[in-house]
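According to our numbering, the first sequence is numbered sequentially starting from 18.
Each residue gets a CB set at the ideal place from its N, CA and C atoms; glycine is no exception.
The next block holds one structure in the form of C-alpha cells; read it before the comments.
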Amino acid sequence: MPVAPLAFVATADGRAAIVGEHLEVVGPGEDLVQRAADLEQAGDVRWVWWSGRVDATALVAAGIPVTRCWDVAEAHRLLVGGWEASPQVAWAAAHRLDRAGLPAPTRGDLFDFHTTDSSSAPMALGSPGGYLDPDAGTATWHPDDATLVAWARAALACAQAQESALAAVGPRSVAAAHSESAAAFLCLELARDGLPVDRATAERLIADAAGPRPDGDADLRRIRADRDRRVLSHTPGRESTDLRSPVQVKELLASVGVVVPNTRKWVLEPFRDAHPVVGALLEWRRAERIATTYGYPWLDTHVGPDDRLRGEWTACDGAAGRMTAQNGLHNLPTSLRPAVAAHPGHVFVRADLGQIEPRVLAAVSGDEAFAAATRADDLYAPVAAALGVDRPVAKIAVLAAMYGQRSGAAGEALKDLERTYPVAMGYLDAAYAAGLRREPLRTFGGRLIRLDTVLADVAAEDAAASDAARGRFARNAVIQGSAAELFKAWAATVRATTRDLGAQIVLCLHDELLVHVPEENADETKARLERALTDSARRWTGSTQVRFVADASVIRRWSEAKD
DNA sequence: ACACTCACGTA
DNA sequence: CGTACGTGAGTGTA
C-alpha cells in the first residue's frame, strides 16, 4: 500500500501550503494546520518538509501526532554528511548540481540588498537544471501564493530525488531517512514537552551542593567568597588567588609542592594526600559546577512553571549522527537525577540498550561468530569462553579493539580476538585505514562520515598523530553512528506504538529512553518498548542473527536502581 | 564582541 | 578506553 507524499511548508510570516498529487491548498498557517490534522487522521500520509524545525513547528504546537514524514534536511545529512542542510544545499546535492555554483543570498546582507534590484523575479524554484532561489525559505522571505505552492512542489521533488539517491547508497538508507525524519520530529516534541522535574528536590540538591538560594547580588558574592575561603584557608598568604583561573590554581598548587602539567581532576586526584588544599579544591570544583552550570539560574531559566526542564534537541550531530540536547539535558550530573521525577499519577519507563556498541559491531560487520555471541544476555561471557580468558579481560579486549587502545593490558587477548572474530576485527581495521587515507565512510544506515573536514586542527603539526586521530575517529564513528541509527529507529517505534497509552518520550540519551506514562499503563508500555526493540532491530539488520537487549524498568525517579 | 582554552558533566 | 557533545569562566585578540 503506497503512502501518499504530501508536502507541508510554512513561512516565517505565518502562511503555509499543503501540496500533493491531487491536492493544493495555500493560506493562513492555522487553517492549514487544521487541514493537516484531518489528513493525518485519515491516514496513509507521509509528510514532506524541508525541515521539521522550520515547517512543522505549528503542527507540533498543535499536538498533531505525525506518524510518517520525510525531512529533507535530515535526508541530506545522511546522504552528504556534516550538518549544513539548507533547502538550497539539499536541492543541489539531490540533483547533483555543483555545490560551488550555489547563488549567494541577497536579502541576508545589507550591502547585497542595496545592490540588488528587489523587483526582479525570483529564480525558478523547481527547475531540474537550476538552483533554488537563495532567499526562499529564509525568515525574511514573503512569497505569494503561487510561489509558496511551487516551494512545496520543490520539496516533493527534492524528497523524491533524495529517495532515489539514498536507494542507490544501500538497502537500509531509505528506511534510515524515514527514522531520522521521525527522530527530528520527535526532537521538536521533546523540546515542546520537556522533562518532568520535582522542583523541591532540585532546590534541595542544589542547596546541598552550592548553598542556599542567594538573596540578591551581595548574598551571592558572600556565598561565593565563603566557598572560596574553604579552599584558600589551607594556603595562608595566598588568599587572593582566583580559583576560577587555571593558571593561578596551578601556581597555588606549585607553592605547596604539587607540581602538575594542568589542574584537571584526574591529574590532581593522586595528590589528595600531598596537601589538604588538593582535596578542598576538588570539592570546591564539584560545588562550583553545580552553582554555575546546574544551579538556581539554570533551574529558573530552563524549568518552566509546569515543572518541565526544556531545551532544544537535534536529531544528529555533525560527526557520526548522535542526537544532541541543550540546557544540560544530556549531561545532567547523576547527583541531580533524583530531581527528575514523574509527575502525579505518572511513572517513568526507563530502558537502555545493553552492550549496544559491540552488538552493533556484530551487525554492521556481518561476523557470524560475533553475532552468535550477541545471543547471550551478556555478550562478554561467550567471548571470554572463546578466548579462554576471564570476562573482564574479554571486555577490555573488545572495547580496546573498538576504541583503540594505546597502553598495553589487553595485548594478548587482542590477538586472540583477531583470530576468533576476523570479520568484525577486519571491519574495524578497514575503517581505521580509511580514516588514515581520508576516505569517507558510511554507517550501516548509510550516513556519510566525512574525513576531509573533521580534525583539521587537531595536532596539525604532528602528521602521524593527526593520522592516528583520524583513524580512531573513523573507527569510532561507524560504530557510534550506526548505534545512533538503531537507537533512533527504536525511539521512533516506541513513540508510534505507545502513544495510545498516553506515553510520552521525555528523554533520549544515546542508548537510554525515558518514557513518561500514566501509571496504570506502565507495564504495557514496558512490554511494548521491549517489543519495539525486537521489531526495529529486525528491520534495521534485516535478520535475527544479532540480538539486541533492553534493560527496562518502571520507576518514579530517574535515579532509581534498575531492576 | 568574539574566539580560544581549560575544565567537567554525560553517553 | 576511545569518540562525541554542551556549558561556563577566564583569557587573549581584534
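Straight-line spacing of the CA atoms in His39 and Ala79 works out to 25 Å. One Cα belongs to Ile413, the other to Glu385, and the distance between them is close to 21 Å. Rounded to the nearest whole angstrom, the CA to CA distance from Glu256 to Ser576 is 38 Å.
Excluding residues up to 5 positions away in sequence, Val214, Leu326 lie with their Cβ nearer than 6 Å to the Cβ of Val320 in the same chain.
Taking all protein chains shown into account, Pro278 has fewer than 16 neighbouring C-beta atoms within 10 Å of its C-beta and is therefore exposed. In the three-state scheme derived from DSSP, where H, G and I count as helix and E and B as strand, Cys86 is classed as strand. By the neighbour-count criterion, in which 16 or more other beta carbons inside 10 Å mark a residue as buried, Trp168 falls on the buried side. In this chain, the beta strand (DSSP E) harbouring Trp66 covers 62 to 66. The C-beta distance from Val50 to Leu23 rounds to 13 Å, too long to meet the 8 Å contact threshold. A distance below 6 Å between beta-carbons, with the five flanking residues on each side excluded, links Leu524 to the following residues of its chain, in chain order: Leu212, Leu531. Of all alpha-carbon atoms in Ala297, Ile35, Asp48, Gly60, the one lying nearest the alpha-carbon of Trp67 is that of Ile35.
A contact between stretches requires three or more CB pairs, one per stretch, nearer than 8 Å, and the stretch 246 to 253 meets this requirement with the stretch 284 to 301. Per DSSP, the beta-bridge partners of Leu530 are Ala368, Cys525. The Cβ atoms of Ala520 and Ala368 lie no closer than 7 Å to each other. Of the candidates Glu374, Thr310, Ala102, Glu268, Glu374 places its Cα closest to the Cα of Asn493. Beta-bridge partners of Asp568 (DSSP): Asp369. Bridge pairing for Gly421: absent [DSSP].
Scanning Leu458, Phe504, Tyr438 for the CA closest to the CA of Ala447 turns up Leu458. Between Val377 and Leu503, the beta carbon gap of about 6 Å places them in contact (Cβ cut-off 8 Å).
Per DSSP, Ile223 is one residue of the alpha helix (DSSP H) stretching across 216 to 227. For Ile496, the secondary structure class from DSSP, reduced to helix, strand or coil, is helix. The beta carbons of Trp108 and Gly335 sit no closer together than 7 Å.
Between the beta-carbon of Arg70 and that of Leu173 there is about 19 Å, and that puts the pair past the 8 Å contact cut.
Around the beta carbon of Val43, 16 or more other beta carbons lie within 10 angstroms, which makes this residue buried. Within the model, the alpha-carbon separation for Glu300 versus Ala342 is close to 27 Å. Looking at Ala359, Ala358, Ala509, Arg32, the one whose alpha-carbon comes closest to that of Gly154 is Arg32.
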